[in-house]
Amino acid sequence: MPPPISASVEVVFDPADDLHVVRQLRGRYSTGGARVVAMPPNTRTTRTVIWTILHSLGKCKASPWLLSNLAWIDVARWLYAHGVHTLVVLCCQHVSPETLYELETTITGFDVSLILAYGRDCPDRQRTTIATLMERPQPPAFEPPDRDPWPEVPRSHPLRFRHDCEQTLDADEFSRVEQLLADTHAATANWLAAPLHRASDTLATAAAVLGHAQDPNQRYIRHCGIEIAVASDGLTVPKPTTLQMPAAQDDLAIDAALTEIEPEHAAFLLVEALTGLQQSLIRLMGGDQIQNGQLLGVPLPAKAWPVQHALASGARLRPPPGYDYGTPAGSKRLANSEPPPSTEFQHVLARLLSMRRQREPGEDLQQETLDRLDDLASLGIVDQHDGVYRLSRVAAYSSFLPGHERPSRFTTLDVPVASRETN
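Written as C-alpha cells, this is what we have:
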C-alpha cells in the first residue's frame, strides 16, 4: 500500500447554490488522483453506495454472488489500484448517516481523503467552504508502486531447493517463496492429470506459461516447482519454448475486462485479449506474473494497469461466470503429440518420489542411471547404502511428498547447503 497521506474528511455545504458546488467540484476533481461520484436520490443501502463508487471507476460486471455481497474492501481495493487518493461524494443528503460513517472509516483507513458535498440537510459538523477547496493546489496523480522484489534464492537443485531456502531465508521470505513453490507445483501436477496435457508440445507450452516471470528469483522458484511435479510424474522436463502471441490485440475485449469487479476475472479476460491463449493455459497463471506493466512479455495498455495493482500476488486467474469456452481468436489448439520421452532414470526417480520408503537396488540399473543417481546422492537428494538408493529427507521435504508438507525445521540433518552454481 502507498505511504500515509494524512487522509481526512471534509464537508462542503452550500444550500443556496447546490448546482454551482457540484459543477466546481466536478471540474476540479475529475482528473489526476481524484474521483467524483454523485449519489442518486433515495440511496438507502450500503450496497448501492458501494456499487455507485465502483461504477465511477468503470466496474459494472461481477458474479451474482459478489453483487449480493459487495463490501467496502472492494471499494478500497479499486481506489488504490486506480491511484485514487481523494474521493469526492456529491449529494450526500441522499445517503444515511450510518452509511456515510462506514464510508468514512473504511476509506480513510486506506489513506484516501474524503470530501462530502451536501445540497441540504447538512449535519451539524465543521464545514469547508467551496472557495477554500478551489484555492488549494490541484491534487497530483498517484501511481501505486509495484510489488516488493523477490528475495534472493539459492540456485539449488529443485529437489533440495525448498530445504535450502528454509535454511538461508528469514521466516517471512521463506513463507513467500514456499507459497509460490507449492502453488506452481500444484498447478503443474493438476495440468499433468489430464492425459492430453502430458504431450510434448502441450507440456512445453504449459511450462512456458507457468514458468514465466520477470524477476530471475521468481522465475527460478517457478522452474523448481515445475521440475519437481514433472519428475514426480516420470516425465522429462520439456525444453523451453517461445509463446506465439497474436499480431493484433482485441481492444473491445480489453475494455470488457476492465469492467469486471473481481480482479481474477478481469485479469483472465485481459490475458486472453492480449495473448489469445486458451483458457486452460490462462488458468495456470498467477497474480505475481502480471506486474511492471506486462504479462508473459506482452506490454499492458496503460488503461489496464489498475488490474495488476488490484490482483493479489497469489491469486489464480479465473474466467467470469457465463464465460464462452470456445477457442479464442488467434489461439492455436494444443497439439496432440506423444508424451516427452522418459528414460530409466526418470522412471526410477518417479518411483523414489512416490513414497519416502521406496528403495531402488542399483544392481539391475543401467550405468547412466547409476551415474545420475550418484550425482543426486552427492547433493543430498538420495541416500545410497550398499548399492540401494532411497529418497533423502531433504528431497522428501522439498518435493512436497505426502507427510512432509509442514515438518519441523531441518536443523540437525548436517547436510551442506548447495552452492549457487549447483543446478
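For the sequence shown, counting from 1, position 336 maps to 337 in the working numbering; every step adds exactly one. Think of the CB as a built atom: it goes at the ideal place given N, C-alpha and C, for glycine as much as any other residue.
Asked	Found
The region 34-41 touching the region 93-107, judged by at least three CB pairs closer than 8 Å	yes
Residues near T87 by beta carbon distance below 6 Å, same chain, minus five either side	A35, S114, P140
For L353 and V470, believed in contact at Cβ under 8 Å, the rounded distance	Outside the displayed range of the chain (2 to 424) lies residue 470, so it cannot be described from this structure.
Backbone secondary structure at S201 - three-state DSSP	helix
Spatial neighbours of S314 in its chain, beta-carbon cut-off 7 Å, leaving aside the 5 residues before and after	R148, G288, D289
Under 8 Å between C-beta atoms of L211 and T185	yes
Cβ neighbour criterion (16 or more within 10 Å) applied to E422	Only weak support exists for where E422 lies, its pLDDT of 29 falling under 50; the value from the coordinates is given anyway. By the neighbour-count rule (16 or more Cβ atoms within 10 Å), E422 is not buried but exposed.
Q347 vs L236 beta-carbon contact at 8 Å	yes
Burial state of V50 (16 or more Cβ within 10 Å)	buried
Supposed close pair D55, W73 - CB separation, criterion 8 Å	According to the sequence shown, residue 55 is Leu rather than Asp. With a Cβ gap of about 11 Å, L55 and W73 do not count as contacting.
Per DSSP, the bridge partner or partners of R27	Answer is none; R27 lacks a bridge partner.
Three-way DSSP call (helix, strand, coil) for D252 in this model	helix
The region 228-245 in contact with the region 181-196 per 3-pair CB rule at 8 Å	yes
Anticipated Cβ contact below 8 Å, D165 with S157, distance rounded	4 Å
Residues that Q295 bridges to, as DSSP identifies them	Q292, P300
Three-state secondary structure assigned by DSSP to I262	coil
Straight-line gap, R284 to P320 (C-alpha atoms, nearest Å)	8 Å
Beta-carbon proximity list for P145, same chain, < 7 Å, skipping 5 on both sides	P3, Y81, A82, G84, H310
Cβ distance (whole Å) where E428 is taken to contact Q367 below 8 Å	Since the first residue of the chain shown is 2 and the last is 424, residue 428 is not available in this structure.
Cβ distance (whole Å) where L259 is taken to contact G59 below 8 Å	6 Å
Beta-carbon proximity of F269 to L318, cut-off 8 Å	yes
6 Å Cβ shell around L371 - same chain, five flanking residues per side excluded	G363
Counted within 10 angstroms of its Cβ, other Cβ atoms place S400 as buried (16 or more) or exposed	buried
Within 8 Å, strictly: CB atoms of T276 and V299	yes
Neighbourhood of L117 by C-beta, 6 Å cutoff - its chain only, sequence neighbours within 5 removed	V12, V90, C93
Within 8 Å, strictly: CB atoms of I262 and D75	yes
Own chain, CB closer than 7 Å to L402, minus 5 neighbours either side, in chain order	L354, R357
Whole-angstrom distance between T100 and F14, CA atom to CA atom	19 Å
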